[in-house]
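Protein sequence lines, in the order shown, are assigned to chains A and B.
Note that this note's numbering has the first sequence beginning at 603, numbered continuously upward.
Note that this note's numbering has the second sequence beginning at 119, numbered continuously upward.
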Amino acid sequence: MSAVIAFMSLLGPFGRAVADPSGDPQAAVVGVTPSAERRALDEGLQQLKKEAVDLHVALSQLREDMLFPASSQLAVFLSIDVGEFLALDSVELKIDNKEVANYLYSAREAAALLKGGSQRLYLGSVKSGDHELLAVFKGRGPHSRDYRRAASVHVIKGVVPKYVELKITDRKIRAQPEFEIRDWEGE
Amino acid sequence: MRERRSPAGMARCLVMFALGLWSMATAVAATPEPMAPHQPGTIPMTVQDLHFGDVLYELFQGHDFEALSRDLQYSGTGRIASQPADARLIEAGLWLALGFHDEAGARLETIMRAPLSESSRNRARLYLARIWYHRGYDQESERLLREMTAVPAEDEAERVHLLSNILLRSGRYAAAAELLRGWQGPDDWVPYARFNLGVALLRDGQLAAGRSFLDELGALKSDDPERLGLKDRANLALGFALLEADRAADAKPFFDRVRLAGPYASRALLGAGWVDAKRRDYRAALTPWLALTERSSIDTAVLEGAVAVPRAFHQLHADAQAAEYYERSLTLFAAERDRIDQAIGRVAEPARFRTILDASVNDGSDAWIAPLVAEPDAPESRYLFPIFAGADFQQGFRVYRELCFLETILTGWQDDVVDSEQILATRREALDERVRRVGAVLDSVSGSPAELVEARTATERAVQDARATDAAFAGRLAQVSGQRLELLKRLSELRLAEVHALQVLARAALDAQRSRLTEYELHARYNLAVIYDHAATDKAPAKAPAKEPR
Numbered sequence: 603m604s605a606v607i608a609f610m611s612l613l614g615p616f617g618r619a620v621a622d623p624s625g626d627p628q629a630a631v632v633g634v635t636p637s638a639e640r641r642a643l644d645e646g647l648q649q650l651k652k653e654a655v656d657l658h659v660a661l662s663q664l665r666e667d668m669l670f671p672a673s674s675q676l677a678v679f680l681s682i683d684v685g686e687f688l689a690l691d692s693v694e695l696k697i698d699n700k701e702v703a704n705y706l707y708s709a710r711e712a713a714a715l716l717k718g719g720s721q722r723l724y725l726g727s728v729k730s731g732d733h734e735l736l737a738v739f740k741g742r743g744p745h746s747r748d749y750r751r752a753a754s755v756h757v758i759k760g761v762v763p764k765y766v767e768l769k770i771t772d773r774k775i776r777a778q779p780e781f782e783i784r785d786w787e788g789e
Numbered sequence: 119m120r121e122r123r124s125p126a127g128m129a130r131c132l133v134m135f136a137l138g139l140w141s142m143a144t145a146v147a148a149t150p151e152p153m154a155p156h157q158p159g160t161i162p163m164t165v166q167d168l169h170f171g172d173v174l175y176e177l178f179q180g181h182d183f184e185a186l187s188r189d190l191q192y193s194g195t196g197r198i199a200s201q202p203a204d205a206r207l208i209e210a211g212l213w214l215a216l217g218f219h220d221e222a223g224a225r226l227e228t229i230m231r232a233p234l235s236e237s238s239r240n241r242a243r244l245y246l247a248r249i250w251y252h253r254g255y256d257q258e259s260e261r262l263l264r265e266m267t268a269v270p271a272e273d274e275a276e277r278v279h280l281l282s283n284i285l286l287r288s289g290r291y292a293a294a295a296e297l298l299r300g301w302q303g304p305d306d307w308v309p310y311a312r313f314n315l316g317v318a319l320l321r322d323g324q325l326a327a328g329r330s331f332l333d334e335l336g337a338l339k340s341d342d343p344e345r346l347g348l349k350d351r352a353n354l355a356l357g358f359a360l361l362e363a364d365r366a367a368d369a370k371p372f373f374d375r376v377r378l379a380g381p382y383a384s385r386a387l388l389g390a391g392w393v394d395a396k397r398r399d400y401r402a403a404l405t406p407w408l409a410l411t412e413r414s415s416i417d418t419a420v421l422e423g424a425v426a427v428p429r430a431f432h433q434l435h436a437d438a439q440a441a442e443y444y445e446r447s448l449t450l451f452a453a454e455r456d457r458i459d460q461a462i463g464r465v466a467e468p469a470r471f472r473t474i475l476d477a478s479v480n481d482g483s484d485a486w487i488a489p490l491v492a493e494p495d496a497p498e499s500r501y502l503f504p505i506f507a508g509a510d511f512q513q514g515f516r517v518y519r520e521l522c523f524l525e526t527i528l529t530g531w532q533d534d535v536v537d538s539e540q541i542l543a544t545r546r547e548a549l550d551e552r553v554r555r556v557g558a559v560l561d562s563v564s565g566s567p568a569e570l571v572e573a574r575t576a577t578e579r580a581v582q583d584a585r586a587t588d589a590a591f592a593g594r595l596a597q598v599s600g601q602r603l604e605l606l607k608r609l610s611e612l613r614l615a616e617v618h619a620l621q622v623l624a625r626a627a628l629d630a631q632r633s634r635l636t637e638y639e640l641h642a643r644y645n646l647a648v649i650y651d652h653a654a655t656d657k658a659p660a661k662a663p664a665k666e667p668r
């Protein structure tokens, strides 16, 4: 509940936003009521935006279906749990010894990961069978020292989409970051 | 005065609210332990779906459109299977953040019907009530506010504040006053509530009660420009209310309290002059009214002062000065009318009007003001500035700006469509090539006729499947492409309609100013004619000119 109060406290009370547009010295400070025409235009905009979002979804799904069909799709996500011992700068990803992603994080992206987001680092197609994933993490580790660690995993790609998570966690006992690669079943 | 949060900031908070509601819902549903404190905006529970995490990743970077699209795409393909309820909450917040109030409102209503604690439900009601209030759906907002029960103090203050605003907007002054009398809110909001209470009482005919609140507010000590503006307004409201009640002597101190450097000074000077004029002390009235003639004539009070001054001279039987000041006011009115006509001309031409709007759209968030500031003496600047700054114009301009943003997005998708068409063409070429190669291989190999027939049949089936898949893709792409063009067409129509609505708004405001000006001009001409008439017949007028400015 404390979280909710924190969110709500950002909002502050509401409705004091009027600079006496009427010129009436006895006008209350209550805001203006939109006219029927204004509402109609606003609703027209909302409808357009709704359809634009739907269109974007359809286009994105179409491109995904064309380029990365389920039978060959492999998606690799990156997430950070806590992130006290590593300030992430970049991640390099190799699949079967071939570099497929090399990502440098902005402060905003790193913050989004720390807040609980998972980045879809890679979306691509691979053949069915055995594959080796190697991830190299770079950043600033404990005591602000440069930090570089690699982690690898073998995954078996079947006929359904394969999802893999690269996860950075904190190992409190050793005061070190820890790297896991988790093979999520897409099916 | 202005909103303490920008629309974008507000929208971000709405998403944060959804996240907060999410944590509440989860806590109510599943977590008996108290939640550990965490930073605002962080997620206090495990993200169970990678794709949901991806939505949050976009959301936390402020990519609301992308986050919502991904959320809908992933939900639609069953990739947020573990936490669909969470996804719905985030979705509602994103609809809000993107300005889809109706969609968000409908979703929040649905969420409220789900099992939630009463306190969570009240929060959702309050939030939804805010949305409806903003959108002008006062009845819906009022219903939700009245449904709230056992509300904690911090929410109760806002609930009452919103409810009283709705009552004031609908002219239910007595009910608003009753509600506001006992209002206890955050310190920085008390003056606004007191002002509204004072005004509600005045409007309800309770002058003495309204006076006590406005008098207190009018004596407020503060360095804050917003509060000083409110203080001026309280004094002005009370001063004019007392004038209307024929209590000119009581009104005087309130006009005197208004700052001469503030935006309400001209109206205060006008009121101060009227106090003296009501007491027939025209010599005293001339002091504030002459001061008024030195001020910017964009203010209606200054135009009114331009006819009040010669009228006072006339009452003092100083007809030479009266005639001189009427002549001056006529010159002033003619110049102002020319400027208004030029501004009307600027507004009337859609292309020229759109130039102003587009310059504002392209320059950034608060840059609507830029083209007007660049040419402060241009007629459109002088008159359009206050019109553009008005809340109703700003509502329309927000829509216009969003339409431009949407057009940019839709236009950008053209590249994706073309790219997809090329992918499909490449796939078809690759398939044809493979078919040709397989055919050549089959032609060249030796084997039993049955095996060859089977191989050819299997190949043909595979090719048919591949072609069918490609045809399906092509169909979907054609549909998406057609919808994009259709949306662009409708968007263009809506943008024109919005430009027209803004033109009408600006034109109506300019026409109103022109009409006021004409009224003053007629009054001045008539009274000047009376003076000249009497001068020509060489006898003093039997009485003062009949017409008064107001």
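Quick reminder that beta carbons are idealized off the backbone N, C-alpha and C, glycines included.
Our two residues, residue 690 of chain A and residue 537 of chain B, have alpha carbons roughly 34 Å apart in a direct line.
C-alpha of residue 455 of chain B to C-alpha of residue 638 of chain B: approximately 11 Å in a straight line. For the set B:377, B:351, B:390 and B:381, the Cα lying nearest the Cα of residue 365 of chain B is the one of B:390.
Put simply, the backbone Cα of residue 577 of chain B is about 15 Å away from that of residue 587 of chain B. Listed along the chain, the chain A residues whose CB falls inside 9 Å of the CB of residue 540 of chain B amount to none; the nearest CB is some 11 Å away.
DSSP places residue 250 of chain B in the helix class (H, G or I) of the three-state scheme. Here the C-alpha atom of residue 200 of chain B lies approximately 10 Å from the C-alpha atom of residue 169 of chain B. As the crow flies, the alpha-carbon of residue 511 of chain B is around 10 Å from that of residue 504 of chain B.
In terms of Cα proximity to residue 544 of chain B, the closest of A:704, A:668 and A:656 is A:668. Residues of the segment 506-532 of chain B with a C-beta atom less than 8 Å from some C-beta of chain A are 507, 508, 509, 510, 513, 514, 517, 520, 521, 524, 527, 528 and 531, listed in chain order. A direct Cα-to-Cα measurement between residue 617 of chain B and residue 434 of chain B gives close to 51 Å. Under the 8 Å Cβ criterion, the segment 640-659 of chain A does not count as touching the segment 701-710 of chain A, having fewer than three qualifying pairs.
When C-alpha distances from residue 711 of chain A are compared across A:693, A:700, A:750 and A:752, the shortest belongs to A:693.
Residue environment analysis places residue 567 of chain B among the exposed positions, since fewer than 16 neighbouring C-beta atoms fall within 10 angstroms of its C-beta. Chain A has a Cβ within less than 7 Å of the Cβ of residue 190 of chain B. Collapsing the DSSP output to three states places residue 651 of chain A in a helix.
Note on residue 650 of chain B: under 16 other CB atoms within 10 angstroms of its CB, so exposed under the neighbour-count rule. For the set A:645, A:681, A:722 and A:676, the Cα lying nearest the Cα of residue 757 of chain A is the one of A:676.
Looking only at A:728, A:751 and A:701, the smallest Cα-Cα distance to residue 742 of chain A is reached by A:751.
Contact annotation for residue 719 of chain A against chain B: 161, 165, 171, 172, 173, 174, 175, 176, 177, 178 and 179 [CB-CB distance below 9 Å, chain order]. Counting along the chain, residue 331 of chain B sits inside the alpha helix (DSSP H) bounded by residues 325-336. Residue 680 of chain A is bridged by DSSP to A:721 and A:768. Spanning the alpha carbons of residue 193 of chain B and residue 775 of chain A requires a straight line of approximately 39 Å. Taking the Cα of residue 217 of chain B as reference, the smallest distance to any Cα among B:242, B:247, B:236 and B:182 is reached at B:182. The C-beta separation of residue 375 of chain B from residue 336 of chain B comes to about 6 Å, placing the pair in contact by the 8 Å criterion. Check the Cα spacing between residue 608 of chain B and each of A:639, A:648 and A:637: the tightest is with A:648. In this structure, DSSP gives residue 416 of chain B a state outside helix and strand, which the three-state scheme calls coil. With respect to the 7 Å criterion, residue 748 of chain A and residue 766 of chain A are not classified as neighbours on the basis of their beta carbons. Under DSSP, residue 756 of chain A takes part in a beta bridge, and its partners are A:734.
Taking 7 Å as the cut-off, the Cβ atoms of residue 319 of chain B and residue 295 of chain B count as close. One alpha carbon belongs to residue 249 of chain B, the other to residue 745 of chain A, and they sit about 47 Å apart. Residues of the segment 312-341 of chain B with a C-beta atom less than 8 Å from some C-beta of chain A are 313, 314, 317, 318, 320 and 321, listed in chain order.
Your pair residue 411 of chain B and residue 393 of chain B does not check out as a contact, with CB atoms roughly 18 Å apart and the cut at 8 Å.
Contact of residue 598 of chain B with chain A by beta-carbon distance below 9 Å involves 657, 660, 661 and 664. Put simply, the segment 265-284 of chain B touches the segment 236-248 of chain B. At least three CB pairs are less than 8 Å apart. For residue 187 of chain B, the nearest beta carbon of chain A is closer than 7 Å to its own beta carbon.
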